[in-house]
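Number of protein chains: 2
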Amino acid sequence: MSKRAYHHGNLKQELIERGLEFIDQNGVESLSMRKLAILSGVSSAAPYAHFENKEAFLSEVQNYITEQFTDTLQETYESCHDRQRVLLELGKSYVLFFSQNPLYYSFIFSHGDIDINNYPPFQMFKNIAGNVMNEIYDGKIGEHDIYNKTLAMWAMVHGLAQLYTLPAFRMMDSQKVEQKNLQNASSAEIQRIDERIENILSSVEI
Amino acid sequence: MSKRAYHHGNLKQELIERGLEFIDQNGVESLSMRKLAILSGVSSAAPYAHFENKEAFLSEVQNYITEQFTDTLQETYESCHDRQRVLLELGKSYVLFFSQNPLYYSFIFSHGDIDINNYPPFQMFKNIAGNVMNEIYDGKIGEHDIYNKTLAMWAMVHGLAQLYTLPAFRMMDSQKVEQKNLQNASSAEIQRIDERIENILSSVEI
DNA sequence: GATATAATCTTAACACTGCTAAGATTAAGG
DNA sequence: CCTTAATCTTAGCAGTGTTAAGATTATATC
Numbered sequence: 002m003s004k005r006a007y008h009h010g011n012l013k014q015e016l017i018e019r020g021l022e023f024i025d026q027n028g029v030e031s032l033s034m035r036k037l038a039i040l041s042g043v044s045s046a047a048p049y050a051h052f053e054n055k056e057a058f059l060s061e062v063q064n065y066i067t068e069q070f071t072d073t074l075q076e077t078y079e080s081c082h083d084r085q086r087v088l089l090e091l092g093k094s095y096v097l098f099f100s101q102n103p104l105y106y107s108f109i110f111s112h113g114d115i116d117i118n119n120y121p122p123f124q125m126f127k128n129i130a131g132n133v134m135n136e137i138y139d140g141k142i143g144e145h146d147i148y149n150k151t152l153a154m155w156a157m158v159h160g161l162a163q164l165y166t167l168p169a170f171r172m173m174d175s176q177k178v179e180q181k182n183l184q185n186a187s188s189a190e191i192q193r194i195d196e197r198i199e200n201i202l203s204s205v206e207i
Numbered sequence: 002m003s004k005r006a007y008h009h010g011n012l013k014q015e016l017i018e019r020g021l022e023f024i025d026q027n028g029v030e031s032l033s034m035r036k037l038a039i040l041s042g043v044s045s046a047a048p049y050a051h052f053e054n055k056e057a058f059l060s061e062v063q064n065y066i067t068e069q070f071t072d073t074l075q076e077t078y079e080s081c082h083d084r085q086r087v088l089l090e091l092g093k094s095y096v097l098f099f100s101q102n103p104l105y106y107s108f109i110f111s112h113g114d115i116d117i118n119n120y121p122p123f124q125m126f127k128n129i130a131g132n133v134m135n136e137i138y139d140g141k142i143g144e145h146d147i148y149n150k151t152l153a154m155w156a157m158v159h160g161l162a163q164l165y166t167l168p169a170f171r172m173m174d175s176q177k178v179e180q181k182n183l184q185n186a187s188s189a190e191i192q193r194i195d196e197r198i199e200n201i202l203s204s205v206e207i
C-alpha cells in the first residue's frame, strides 16, 4: 500500500484549510492550485474535481474568512451590554480582527468582487450602527443625517482597519503616542491597538 | 524596411502608459508583460531591458499614479482659500480621484507594499489636516487629541474612497438619498458624489 | 453480493506566464 | 571609424491554470 489511499477522503476541506493558512502566511499572490495540491499529497489536477476553477476556490476561502469575521462581530455585539459603548466595541473588534491577520484584509477587500450591499459583516455593522444612531439622535436629526453618520462611522472604522493592517503604520503609531514598546508581546500589542482605536474613535463626535 | 525600426525609441515610456491604460480598464490581475510588449510592437522579452522584473515595472506605474494623485490634492489645496473648508475640499478631491479611476485604488493600496509613512499624498493629507486641527482647537485640546482626530479624519476619507470605488455601492447610495438618477451623465455623477462626500464628512463633528 | 454508476484521482498535454542566456542590430562616444 | 553600450529578437526553462482521457474506488441499485 502506498502512502495514501487513491481517494483522499477529505480533500476539499483540506485544500480550503491549507489555502487559509497559505494566505495568512504568504498572501494570495503566490498561492497556486498546484502547490496546494502537492502539499495535500495529491496530484496537481485533483482540486478541479472539487472547484470549478481557482476563482471559485478563492471565493470559498473568502466565505470562510467572512464567516469568522461576522462571528467575531456578533460575539462582540452580544457580549456588550453597555448600549453607550456598543459602537466603540464593535469598531475595536473590527479593526483587531484584521490587525491579527493582516493578509486577510487585502485578500478579502481587493482581490475579489464582493457584493458590498449584501456582504454580511457590513450589513451587520451598518444595521447596528444605524440603530445606535437612532437611539442617540432620537428624532433630533433626520433619517438622512442618520444614514450619513452611519456611513461616516463605517468608513472610519474600515479605514482604520486597513491602517492597522500595516506593520509600518503600527510602529509609527506606537512611537507617536509614546507607549511602552513591548514589541514581541503580541497580547500586549493587541491591547495597545485596542486602546488606540478606542481613543481615535472617541476623539470624534459622531 | 519592416513596420518599425529595430530600436523602438520610446519603449519604456510606452510600456508605462499602456500599463496605466490596461490597469484602468482591466485591473492589474490580468496584466502581463508579454501582452504589453506585443501591444507595443516589440518582442516579449524586450521590456526586461528597461525593467528588472514585473514588480519593478508595476512599481513605476504606481509612482506615476501617485504623482497624479498628489498633484490633484495639491491643486485642490492651493485653490481653496476658505480655511474653514480646506479639509472638506481635500476629502472630496481624495474620494473623487479614485471614484473616477476605481481600479487604481486596489492596484495602489493592496497590490503593493507602499511605505505608508513616507507615502507623499498621505503625508500631505496628514500635514494639512494636522495644521487645520491645530488652528481649530488652538490650545483647547492636547497634541495627542489633535493627532487622533487627524488619523480619524484620514481613515474616514480613505474608507469613503474605497466605498465610492465600488459601482454597486454608488448605486445603492444614490438610491438611498433619492437623488435624480442621471446614470450616464458622468459629470452629473461626479457632482453627485461631490455632494455626498460633503454631506457625509460634515455630518460628523471632528 | 454482483454490477452499474458516479465520484474522485492520475497522467499527459496545451496555452500562457515571468524571466534568462545568447546573439543580432543599432545608437553614442572616443 | 571603430569600440562600446544600449536595445531588441529568438529560444528556451520552469511554473501556472485548466482540460481530456483514462484509472481507481466509493455508492447505490438490483
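These protein sequences, in sequence, are chains Z and R. With the first letter of the first sequence counted as 1, position 163 gets the number 164 in the working numbering; the numbers rise by one all the way through. With the first letter of the second sequence counted as 1, position 36 gets the number 37 in the working numbering; the numbers rise by one all the way through. For each residue, glycine too, the CB sits at the ideal point set by N, CA and C. From a predicted model like this one, the values you see are computed outputs, not experimental measurements.
Closer than 8 Å at the beta carbon, the chain R residues around residue i
i                      : result
residue 177 of chain Z : 148
residue 70 of chain Z  : Correct list: empty, because the minimum Cβ distance to chain R is about 16 Å.
residue 118 of chain Z : 169, 170 and 173
Alpha carbon of residue i to alpha carbon of residue j, nearest angstrom
i                      : j                      : result
residue 77 of chain R  : residue 50 of chain Z  : 54 Å
residue 61 of chain R  : residue 144 of chain Z : 46 Å
residue 26 of chain R  : residue 166 of chain R : 14 Å
residue 5 of chain R   : residue 13 of chain R  : 16 Å
residue 112 of chain R : residue 28 of chain R  : 11 Å
residue 122 of chain R : residue 177 of chain Z : 19 Å
residue 90 of chain R  : residue 138 of chain Z : 27 Å
residue 67 of chain R  : residue 187 of chain Z : 34 Å
residue 136 of chain Z : residue 146 of chain R : 27 Å
residue 204 of chain Z : residue 69 of chain R  : 32 Å
residue 3 of chain Z   : residue 43 of chain Z  : Reliability fails at residue 3 of chain Z, whose pLDDT of 44 lies under 50, so the model's placement of it is uncertain and no value is given.
residue 106 of chain Z : residue 71 of chain Z  : 14 Å
residue 82 of chain R  : residue 81 of chain Z  : 45 Å
residue 30 of chain R  : residue 48 of chain R  : 18 Å
residue 84 of chain Z  : residue 54 of chain R  : 54 Å
residue 140 of chain R : residue 32 of chain R  : 51 Å
residue 52 of chain Z  : residue 108 of chain R : 27 Å
Within chain Z, partners of residue i - CB distance below 9 Å
i                      : result
residue 125 of chain R : The contacting residues do not exist; residue 125 of chain R stays about 16 Å from chain Z at best.
residue 41 of chain R  : Per Cβ cutoff of 9 Å: no residues; residue 41 of chain R is ~25 Å from chain Z at best.
Cβ pair residue i, residue j closer than 8 Å
i                      : j                      : result
residue 96 of chain R  : residue 158 of chain R : yes
residue 164 of chain Z : residue 92 of chain Z  : no
residue 59 of chain Z  : residue 126 of chain Z : no
residue 154 of chain Z : residue 207 of chain Z : yes
residue 160 of chain R : residue 169 of chain Z : no
residue 24 of chain R  : residue 104 of chain R : yes
residue 117 of chain R : residue 65 of chain R  : no
residue 79 of chain R  : residue 41 of chain R  : no
residue 200 of chain R : residue 149 of chain Z : yes
Cβ-based burial, residue i [other Cβ within 10 Å; buried from 16]
i                      : result
residue 193 of chain R : buried
residue 46 of chain R  : exposed
residue 63 of chain Z  : buried
residue 20 of chain Z  : buried
residue 134 of chain R : buried
residue 174 of chain Z : buried
residue 39 of chain Z  : exposed
residue 34 of chain Z  : buried
residue 1 of chain Z   : The requested residue 1 of chain Z is not part of the displayed model; chain Z covers only 2 to 207.
residue 130 of chain R : buried
residue 162 of chain Z : buried
residue 94 of chain Z  : buried
residue 100 of chain Z : buried
Proximal residues of chain Z, C-beta to C-beta of residue i below 8 Å
i                      : result
residue 206 of chain R : 205, 206 and 207
Residue i: contacting residues in chain Z (beta-carbon distance under 7 Å)
i                      : result
residue 92 of chain R  : Those within 7 Å of residue 92 of chain R in chain Z number zero; the least Cβ separation is about 11 Å.
residue 164 of chain R : 156
Closer than 7 Å at the beta carbon, the chain R residues around residue i
i                      : result
residue 134 of chain Z : Residues of chain R passing the Cβ test: none, with the nearest at roughly 10 Å.
residue 89 of chain Z  : Per Cβ cutoff of 7 Å: no residues; residue 89 of chain Z is ~13 Å from chain R at best.
Cross-chain neighbours of residue i in chain R, by beta carbon under 9 Å
i                     : result
residue 34 of chain Z : By Cβ distance, chain R contributes nothing, its closest Cβ being about 16 Å from residue 34 of chain Z, past 9 Å.
Exercise. Which ranges would you report for the alpha helix (DSSP H) in the stretch 55-126 of chain Z if only whole runs of at least 4 residues count?
Worked result: 55-79, 87-101 and 103-110
For this session: Give, in chain order, every unbroken run of the alpha helix (DSSP H) that is at least 4 residues long and sits entirely within the stretch 134-181 of chain Z.
Result: 144-164 and 168-177
For this session: Entirely within the stretch 3-38 of chain Z and at least 4 residues each: give me those alpha helix (DSSP H) ranges in chain order.
Result: 12-27
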